[in-house]
Each structure stands twice: as C-alpha cells, then as structure tokens.
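So the sequence shown is residues 0 to 246, counted in numbering that gives the first Met the number 0.
Glycine residues also receive a C-beta, built at the ideal position from the N, C-alpha and C atoms.
Please read these numbers as outputs of a predicted model, since none were measured by experiment.
In what follows, a structure is listed as structure tokens, so that the remarks can point back to it.
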Amino acid sequence: MASKFEIFAALHVPGDPLVLYNIWDVGSALAVVRAGAKALATGSHPVADANGWPDGQQVPIDFALANAKRIVDAVELPVTVDFEGAYSGDPEEGGANVARLKHTGAVGCNFEDQVIGGEGLHPVDLQVKRIAAIRNAVGDDFYINARTDLFLKTQTYDGALVDQVIERGKAFADAGASGFFVPRLSDPKQIERVVREVRLPLNVIAFPGAPEKKVWADAGVARISHGPFPHRALMAKLEEMAREALS
0 MASKFEIFAA
10 LHVPGDPLVL
20 YNIWDVGSAL
30 AVVRAGAKAL
40 ATGSHPVADA
50 NGWPDGQQVP
60 IDFALANAKR
70 IVDAVELPVT
80 VDFEGAYSGD
90 PEEGGANVAR
100 LKHTGAVGCN
110 FEDQVIGGEG
120 LHPVDLQVKR
130 IAAIRNAVGD
140 DFYINARTDL
150 FLKTQTYDGA
160 LVDQVIERGK
170 AFADAGASGF
180 FVPRLSDPKQ
190 IERVVREVRL
200 PLNVIAFPGA
210 PEKKVWADAG
220 VARISHGPFP
230 HRALMAKLEE
240 MAREALS
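Shown next, in the form of structure tokens:
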C-alpha cells in the first residue's frame with residue numbers, strides 16, 4: 000500500500016496538475032475535503048490572517064506546528080504545509096525545524112528563498128545549503144516544494160528574469176528539492192521554458208486574472224495553488240453577509 004508521501008508525490012503530473020485550494024484550519028480543511036480535494040495545503044498568509052498575526056513567520060512556530068497537526072489528524076488526505084523560510088536562515092536549524100514539521104504528519108512543505116524580515120533573496124549557494132540540510136533532516140520521502148520569489152520582487156517579467164528562475168530551479172533540484180514553486184509566473188511560453196529546463200514538477204499560483212487551468216496544464220504545470228485568495232474571498236463574503244444582517 001502506497002504511503003501518503005508516495006500518493007502526494009504521484010499527484011504531481013505535468014499536464015494534469017494537482018489543484019490545492021489552500022486552507023488554514025480544520026474547518027477549512029474539512030470543507031475542501033468535502034469539495035473533492037485529492038490533497039490539502041495550508042497557506043502561511045491565511046493561517047496568519049485567521050489567527051491575528053501578520054504573514055512572514057510572525058505566527059509562532061509552536062502554533063504553526065500545532066495547527067498543522069490538528070489538520071493532519073482531522074483528515075485522511077495528504078497535507079502539505081506552507082512553512083515559509085523554515086523559521087531560520089541557518090541551514091541546520093531550518094532542517095531541524097522541518098523535521099519537527101514532518102513529525103506532525105505533514106507530507107511536505109513549501110520552502111521559500113526570500114529573506115524574511117529583510118531584503119531580496121538568499122544567495123543561490125546559501126539556499127542550496129538550506130535545501131540540502133532540510134533533505135538530510137527529513138529523509139527522501141518528504142516533499143520539499145522549493146519556492147523562488149523572483150517574480151514577486153519585480154514587475155519586469157522578461158527573459159532575463161526567467162533565466163534567473165531556471166538557474167535557481169536547477170540548483171534547487173540538485174540540492175534535493177522535490178518540486179519547484181514560482182509564484183506569479185503565469186505566461187504559458189515562460190512556463191513551457193521552465194518546465195523544459197528544470198527537472199522538477201512546476202507549481203504556480205492562481206490569482207485574479209491568471210490564465211485558466213487548461214492553459215497552464217497545456218504548458219506543463221504539475222501543481223496549482225490558490226494561496227491567500229480563498230481566505231480573502233471568504234472573509235469578503237462574511238463581511239458582506241454581516242453588513243446585510245446588521246443594517
């Protein structure tokens with residue numbers, strides 16, 4: 000019988016992407032399960048927003064881990080967790096933190112390369128060390144979805160930027176990443192190039208105005224996340240309903 004780790008990894012099929020409608024607590028997890036999800040993924044922003052903290056590792060790590068365990072324990076599906084920068088810039092400490100996350104029952108995590116609380120991105124050589132340390136700490140089965148925030152740090156989405164994305168993607172693959180996440184990468188031609196040149200399943204994020212799922216599937220995307228947008232839409236609807244009730 001396949002493990003949850005194996006089931007989750009196998010869901011990443013270029014051309015038939017896994018859709019992850021991001022959750023933040025047990026209630027949202029159960030709703031998405033009832034909707035027919037094949038796997039679940041938290042988003043750091045909605046977890047923070049729903050519990051009164053800013054995003055950017057401001058959610059205390061013990062709370063984040065306890066929240067992950069509550070979700071894992073409530074569902075049968077594989078659960079991956081948005082773990083931001085693993086709560087440390089130090090490779091070994093970050094690896095130890097992700098090992099704690101694996102202990103909750105999570106099958107994987109997002110791990111990003113931006114300097115949280117600082118400027119820009121971590122240098123490629125340091126990010127490679129961080130990914131390698133995580134892989135060493137969690138073993139071969141845990142799904143490390145290595146994220147680059149290059150597209151989030153600029154408004155110039157040109158070929159030179161894609162060159163940098165590909166450079167990081169190749170380095171992350173060599174360091175032991177399982178998948179490659181490029182938020183805000185959306186152009187099908189650029190996606191096709193990344194898919195062709197980086198040997199990892201590609202994850203993109205759906206956002207208002209983004210191409211339809213089929214367009215991305217045809218370009219070779221293997222995973223589509225929804226990030227903070229489900230929580231934002233739900234809170235806007237709640238506010239609208241409350242305003243109507245209170246008027």
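- Query: In chain order, which alpha helix (DSSP H) runs of at least 4 residues are fully inside the region 196 to 221?
  - Reply: 212 to 218
- Could you check the C-alpha separation between A89 and D61 for me, to the nearest Å? Locating residue 89 in the sequence shown gives position 90, counting from the first residue. Locating residue 61 in the sequence shown gives position 62, counting from the first residue. The residue you asked about is not Ala; residue 89 is Asp in the sequence shown. When rounded, the distance between both Cα atoms is 18 angstroms.
- Of the choices P59, Q189, D217 and R129, whose alpha-carbon is the least far from that of N109? The residue given as residue 109 occupies position 110 in the sequence shown. Checking every option, the nearest Cα to that of N109 belongs to R129.
- With a Cβ-Cβ cutoff of 7 angstroms, do F323 and Y142 count as a contact? Nothing in the structure corresponds to residue 323, since the chain is present only between 0 and 246.
- Query: What residues in its chain sit with their C-beta under 6 angstroms from that of A131, if we drop five residues either side in the sequence?
  - Reply: In the sequence shown, the residue the question calls residue 131 occupies position 132. Contacts found: A174 and G175.
- Item | Paired residues, beta bridge with G107 - DSSP | Here residue 107 refers to the residue found at position 108 of the sequence shown. BP columns for G107 point to T79 and Y142.
- How many angstroms separate the CA atom of L245 from the CA atom of A235? Here the question's residue 245 lines up with position 246 in the sequence shown. Here the question's residue 235 lines up with position 236 in the sequence shown. Taking the straight line from one Cα to the other gives about 15 angstroms.
- Are the region 217 to 227 and the region 192 to 206 touching, with three or more C-beta to C-beta distances below 8 angstroms? yes
- Message: Quick check: V58 and A47, are their CB atoms within less than 7 angstroms of each other?
- Response: By 1-based counting over the sequence shown, the position of residue 58 is 59. By 1-based counting over the sequence shown, the position of residue 47 is 48. Contact flag set, yes.
- Would the beta-carbon of V164 fall within 7 angstroms of that of T147? If you number the sequence shown from 1, residue 164 lands on position 165. If you number the sequence shown from 1, residue 147 lands on position 148. For V164 and T147, yes; Cβs fall inside 7 angstroms.
- Can you tell me which of S43, N144, K213 and R167 puts its alpha carbon nearest to the alpha carbon of R231? The residue labelled residue 231 in the question sits at position 232 within the sequence shown. Of S43, N144, K213 and R167, the residue nearest in Cα terms is S43.
- Message: Please give me, in chain order, every unbroken run of the alpha helix (DSSP H) with length at least 4 that falls completely inside the region 12 to 54.
- Response: 25 to 33 and 43 to 50
- Message: Could you tell me the alpha carbon to alpha carbon distance between D217 and R198, rounded to whole angstroms?
- Response: Working through the sequence shown from its first residue, we reach residue 217 at position 218. Working through the sequence shown from its first residue, we reach residue 198 at position 199. D217 and R198: Cα-Cα distance of roughly 17 angstroms.
- In or out: A40 buried (at least 16 other Cβ within 10 Å) or exposed? Taking the sequence shown and counting its residues from 1, one reaches residue 40 at position 41. Buried, by the Cβ-count rule.
- Message: By DSSP's criteria, Q113 is part of a beta bridge. Which residues make up the other side?
- Response: Within the sequence shown, numbered from 1, the residue matching residue 113 stands at position 114. Note: Q113 sits in a beta bridge opposite L120.
- Query: What is the rounded straight-line gap between the Cα of G84 and the Cα of A65?
  - Reply: To locate residue 84, count along the sequence shown from 1; it is residue 85. To locate residue 65, count along the sequence shown from 1; it is residue 66. Their backbone Cα atoms lie some 18 angstroms apart in a straight line.
- Message: Within 7 angstroms of any Cβ in chain B, is that where the Cβ of V97 sits?
- Response: In summary, chain B is missing from the structure at hand, where a single protein chain is found.
- Test item: CB-CB of F4 and D124 under 7 angstroms: As a position in the sequence shown, residue 4 is number 5, starting the count at 1. As a position in the sequence shown, residue 124 is number 125, starting the count at 1. No; because the gap between Cβ atoms is not below 7 angstroms, this pair is not in contact.
- Message: How far does the beta strand (DSSP E) with G178 in it extend, from its first residue to its last?
- Response: Here residue 178 refers to the residue found at position 179 of the sequence shown. From DSSP, the beta strand (DSSP E) with G178 extends over G178 to F180.
- Name the two residues that bound the continuous alpha helix (DSSP H) containing S149. Taking the sequence shown and counting its residues from 1, the one referred to as residue 149 is at position 150. First, the residue type needs correcting, since residue 149 is Leu and not Ser in the sequence shown. First-last for L149: undefined, no H or E at that position.
- Item | Cβ neighbours of V137 in the same chain (closer than 6 angstroms, five flanking residues each side left out) | Counting from 1 along the sequence shown, the entry for residue 137 is found at position 138. Within the same chain, V137 has close Cβ partners V97, A98 and K101.
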